[in-house]
Amino acid sequence: MVFGRAIKVDTGDVPYPLFAISGMAAWSYFAFVLAQAGDSIISAQEMVKKIYFPRLVIPLSKAVVGLVDFSIGLFLVLILMIIYGFTPSINIIYFPLFLIMAMISALAVGIWMSALTIRYRDFKHVVPFLVQFGLYATPVGYPSSLVMNNLPDWANILYYANPMVGVIEGFRWTLLGQQPPSAYSLISFSIIIILFISSLFYFKKVERIMADVV
Numbered sequence: 000m001v002f003g004r005a006i007k008v009d010t011g012d013v014p015y016p017l018f019a020i021s022g023m024a025a026w027s028y029f030a031f032v033l034a035q036a037g038d039s040i041i042s043a044q045e046m047v048k049k050i051y052f053p054r055l056v057i058p059l060s061k062a063v064v065g066l067v068d069f070s071i072g073l074f075l076v077l078i079l080m081i082i083y084g085f086t087p088s089i090n091i092i093y094f095p096l097f098l099i100m101a102m103i104s105a106l107a108v109g110i111w112m113s114a115l116t117i118r119y120r121d122f123k124h125v126v127p128f129l130v131q132f133g134l135y136a137t138p139v140g141y142p143s144s145l146v147m148n149n150l151p152d153w154a155n156i157l158y159y160a161n162p163m164v165g166v167i168e169g170f171r172w173t174l175l176g177q178q179p180p181s182a183y184s185l186i187s188f189s190i191i192i193i194l195f196i197s198s199l200f201y202f203k204k205v206e207r208i209m210a211d212v213v
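The numbering of the sequence shown is numbering that gives the first Met the number 0, which starts it at 0 and goes up by one.
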């Protein structure tokens, strides 16, 4: 209502409800995996104490579970496409690539949060804030061009440090045939890789004392 009616965001030839739900499907998946993975070790602490297994399996499994809700979001996108008579873009062949990037992005932050929460329990209260703030800091209800056209270059670089900006741009490019991800998206993808690799190293370090701390 805010972006579509009050502000009247320009989404080109794509109906605003279709534009918004395509971004929301990607963001909802990210938010679900982040929340579930971030609290996964603490929630499974009894199992962690009793038996040994690769603890990384716990947060990783949340990415698979989240695909169920994500498929519902895609189904809604499909319904809106039919309603508006919108034909999927040929770029849809690249959709799996951006889905993988969304999974890695969510897991990167989720694994970091799950490892940090083991030692610092208050971190679990940070996740709802990240999700709420991130919804508006990510082009879910508006195109990223709206931000880029009103910010200097250094601010655009900071904006694309949000890993989901490039991912959502890619989702819309593959599904709706909008503008391809900008060159700044390389920043988002680089941040995703850095966060994911560093989260694995930190999780591995904490895993040694995990059973004792939880």
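Note that the Cβ used here is the ideal one computed from N, Cα and C, for glycine as well.
These numbers were taken from a predicted model, which means no experiment stands behind them.
- Annotation for F195: I103 and A107 place their beta carbon closer than 6 Å to its own, counting only its chain and skipping 5 residues before and after.
- Taking each of S21, E206 and S189 in turn and checking the Cα distance to I91, the smallest one comes out for S21.
- Between the C-alpha atoms of G109 and S39 there is a straight-line separation of about 9 Å.
- Secondary structure of D68 (DSSP, three-state): helix.
- The residues Y158, in chain order, have a CB closer than 6 Å to that of V146 in the same chain once the five nearest residues on each side in sequence are set aside.
- Check the Cα spacing between I82 and each of P180, R120, V13 and K49: the tightest is with V13.
- G133 sits in a helix when the DSSP states are folded into three classes.
- Between the segment 55–64 and the segment 163–180 there are fewer than three C-beta pairs closer than 8 Å, too few to call the two in contact.
- Between L79 and P16, the C-beta gap is smaller than 8 Å, which places the two residues in contact.
- In the structure shown, N90 adopts helical secondary structure according to DSSP, grouped into three states.
- Apart from sequence neighbours up to five positions away, the residues of its chain that approach Y201 with a beta-carbon distance below 6 Å are A114, ordered along the chain.
- For A36, the enclosing alpha helix (DSSP H) covers residues Y15 to G37.
- For P162, the enclosing alpha helix (DSSP H) stretches over residues P162 to L175.
- For K203, the enclosing alpha helix (DSSP H) covers residues S184 to E206.
- Of all alpha-carbon atoms in Q35, G140, I89 and L55, the one lying nearest the alpha-carbon of V205 is that of L55.
- Look at N149 here: in three-state DSSP terms it is coil, with no helix or strand label.
- Selection N155, G176 and G140 evaluated against D9 yields G140 as nearest (Cα-Cα).
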